[in-house]
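Student: Last residue of the sequence shown: 330 (our numbering), numbering continuous. Ideal Cβ placement from N, Cα and C applies to all residues, glycine included. Keep in mind the model is a prediction, meaning the values are calculated, not measured.
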Amino acid sequence: MRYSKPAFTIPDQIKKLEKRGMVFKDKTIAEEFLCFNSYYRFSGYTYIFQDRSKPAHLFKPSVDFEEVFNLYSFDNELRLLLLTEIRKIEIAFRTVIMNEYAQNYNSHWHLDFELFKDYPHHIMFLNKLINSIDPKREDFLKHYQKKYTSPQIPASWMCFEIMSMGQLSSLYKNLNDTKKGKIDIAKTFGLNKSILFSSWIHGISIVRNICAHHGRLWNKSIPVNFINLNEMKNQFIMIIPANQNKIYVPICCIQYLLNIIEPQNDFKIKLKNLLLKYPSIDLDAMGFPNGWDKEMFWQ
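1. In the DSSP output, what is Leu206 paired with across the bridge?
2. Tell me the DSSP bridge mates of Val54?
3. On the criterion of 16 or more Cβ atoms from any shown chain inside 10 Å, does Ser187 qualify as buried, or is it exposed?
4. Near Phe80, what residues of its chain come up, given a Cβ to Cβ distance below 7 Å and the 5 sequence neighbours on each side ignored?
5. Can you look up Gln319 in the DSSP assignment and give me helix, strand or coil?
6. Between the Cα of Ile120 and the Cα atoms of Ile312, Glu293, Lys251 and Met32, which residue gives the shortest distance?
7. Alpha helix (DSSP H) containing Thr180: first to last residue?
8. Run through DSSP, which three-state label would Phe80 get?
9. Can you find the residues in the same chain that come closer than 7 Å, C-beta to C-beta, to Asp143, ignoring five residues on each side of it along the sequence?
10. Can you tell me where the alpha helix (DSSP H) with Trp231 in it begins and where it stops?
11. Which of the three DSSP states, helix, strand or coil, is assigned to Phe171?
12. For Ile193 and Leu199, what's the separation of their Cα atoms in angstroms?
13. Among all the DSSP beta bridges, which residues are the ones paired with Phe90?
14. Am I right that Ile161 and Ile128 are in contact with their C-beta atoms under 8 Å? What's the rounded C-beta distance?
15. Considering Thr219, what are the terminal residues of the alpha helix (DSSP H) in which it resides?
16. Starting from Met189, trace the alpha helix (DSSP H) in both directions and tell me its first and last residue.
17. Please name the residue in Lys159, Met189 and Pro272 whose C-alpha comes closest to that of Lys173.
18. In the structure shown, what three-state DSSP assignment does Leu222 receive?
19. For Ile258 and Leu227, which I take to be in contact (beta-carbon distance under 8 Å), what is that distance rounded to the nearest angstrom?
20. Just the Cα atoms here: how many angstroms apart are Trp329 and Thr180?
21. Which of the three DSSP states, helix, strand or coil, is assigned to Gly246?
22. Would you please state the rounded distance, in angstroms, between the beta carbons of Met327 and Lys277? I believe it to be under 8 Å.
23. When the Cα atoms are used, what is the spatial distance from Asp324 to Met263?
24. I need the DSSP call for Ala273, collapsed to helix, strand or coil.
25. Output needed for Ile332: all residues of its chain with C-beta closer than 6 Å, excluding positions within five of it in sequence on either side, in chain order.
26. Reducing DSSP to helix, strand and coil, say where Ser35 ends up.
27. For Asp106 versus Leu248, is the C-beta spacing smaller than 8 Å?
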């Protein structure tokens, strides 16, 4: 079937929402909002307010624009909070992995295939890295290519500055488990298994990308298996949520890693204050279990 839906003007967008039952206390505010926040993006936050037993996406009785806007604003603030904290983890991760391997091996250890499990995967990784090395992008890349003829790829500490968190996560996962370094990195971050740390970093990198690209986050399912959470015992949360693919588990992982990186961090305070600011948010939809805030981990 050919797509044939037309684009709507902002007044028509509001009329469409009204026709479906949304109440507007001040249409001017709604119009100003929709001028800079797309209707399609906003509509993603309306689904929980719809009566699924009725056709045409009709809203439940008395749902007003402010309710949906409140949820939209909460999600925006949640993304900003998490992105700020994940930045600390990302910088620490790239620093620890680079130092561990550069000091144990050499400046260009990332070119040594013996340090990796899957050779074809690492070839693809290096090809992507080569394509991202643009001397115009950073002065240190320009300096390296101007001064050195070999190796073609710059030293690890330079490359790590231009790698995304997703690339770093992929690199770590593919490290050879029989070589020194991989488990030591996990232990530096308070985890005794590299496979556990790898799953955490992968999941957090996905959350980071959602935040950085302004995607809906609050009730999203994160397609990652955060393995062996029950093995953490008294170091971590005691109440493991039934649905581990919601944002609560990554939030717990972020808090745990921050406690290692920055023991005096105030993430839990900021998180609790954000939830207090928006008391109508459905925490169950975010994966928060009953009594989560009573756990010692969150004190």
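Tutor: Well, looking at it:
1. Locating residue 206 in the sequence shown gives position 175, where the first residue counts as 1. Looking at the DSSP assignment, Leu206 forms a beta bridge with Phe147.
2. Sequence index remark: in the sequence shown, residue 54 carries index 23 (1-based). Asp95, per the DSSP bridge assignment.
3. Along the sequence shown, one-based indexing puts residue 187 at 156. So Ser187 counts as buried.
4. For the purposes of this step, residue 80 is taken as the residue at position 49 of the sequence shown. So the list reads Phe90, Lys91, Val94, Glu98 and Val99, once near-sequence residues are dropped.
5. In the sequence shown, the residue the question calls residue 319 occupies position 288. The displayed chain sequence assigns Phe, not Gln, to residue 319. DSSP places Phe319 in coil when its eight states are reduced to three.
6. Locating residue 120 in the sequence shown gives position 89, where the first residue counts as 1. When only C-alpha atoms are compared, the closest one is Glu293.
7. By 1-based counting over the sequence shown, the position of residue 180 is 149. Per DSSP, Thr180 belongs to no alpha helix (DSSP H) and is neither H nor E.
8. Looking up residue 80 in the sequence shown gives position 49. Helix, per DSSP.
9. In the sequence shown, residue 143 corresponds to position 112, counting from 1. So the qualifying residues of the chain are Tyr136.
10. Within the sequence shown, residue 231 is the residue found at index 200, counting from 1. Trp231 -> alpha helix (DSSP H) spans Ser225 to Ala243.
11. In the sequence shown, counting from the first residue as 1, residue 171 sits at position 140. Here Phe171 sits in helix by DSSP.
12. Translated into positions along the sequence shown, residue 193 becomes position 162. Translated into positions along the sequence shown, residue 199 becomes position 168. If I take the Cα positions, the gap works out to 10 Å.
13. Along the sequence shown, read from residue 1 onward, the residue named residue 90 stands at position 59. The partner list for Phe90 (beta bridge, DSSP) reads Gln81.
14. Reading the sequence shown from its first residue, position 130 is the one you call residue 161. Reading the sequence shown from its first residue, position 97 is the one you call residue 128. That pair is no contact at about 20 Å.
15. For the purposes of this step, residue 219 is taken as residue 188 along the sequence shown, with counting starting at 1. Boundaries of the alpha helix (DSSP H) harbouring Thr219: Lys213 to Thr219, taken from the DSSP string.
16. On the sequence shown, position 158 is the one that residue 189 refers to. It spans Ser187 to Ile193 - the alpha helix (DSSP H) in which Met189 sits, taken as one unbroken run.
17. Start at 1 with the first residue of the sequence shown, and residue 173 comes out as number 142. That would be Met189, whose Cα lies nearest to the Cα of Lys173.
18. Translated into the one-based positions of the sequence shown, residue 222 becomes position 191. Leu222 falls in the coil class under three-state DSSP.
19. In the sequence shown, counting from the first residue as 1, residue 258 sits at position 227. In the sequence shown, counting from the first residue as 1, residue 227 sits at position 196. With a Cβ gap of about 6 Å, Ile258 and Leu227 count as contacting.
20. The residue given as residue 329 occupies position 298 in the sequence shown. The residue given as residue 180 occupies position 149 in the sequence shown. Approximately 52 Å between the Cα atoms of the pair.
21. Residue numbering aside, residue 246 sits at position 215 when the sequence shown is read from its first letter. If DSSP states are grouped into helix, strand and coil, Gly246 belongs with coil.
22. Stepping through the sequence shown from its first residue, residue 327 is reached at position 296. Stepping through the sequence shown from its first residue, residue 277 is reached at position 246. Cβ atoms of Met327 and Lys277 stay farther apart than 8 Å, at about 22 Å.
23. The sequence position of residue 324 within the sequence shown is 293, counting from 1. The sequence position of residue 263 within the sequence shown is 232, counting from 1. Distance between the alpha carbons of Asp324 and Met263: 18 Å.
24. Position 242 of the sequence shown, counted from the start, is the residue given in the question as residue 273. DSSP places Ala273 in coil when its eight states are reduced to three.
25. With the chain running from 32 to 330 in the structure shown, residue 332 is simply not present.
26. To locate residue 35, count along the sequence shown from 1; it is residue 4. Coil at Ser35, not helix or strand.
27. Here residue 106 is taken as the residue at index 75 of the sequence shown, counted from 1. Here residue 248 is taken as the residue at index 217 of the sequence shown, counted from 1. Cβ atoms of Asp106 and Leu248: closer than 8 Å.
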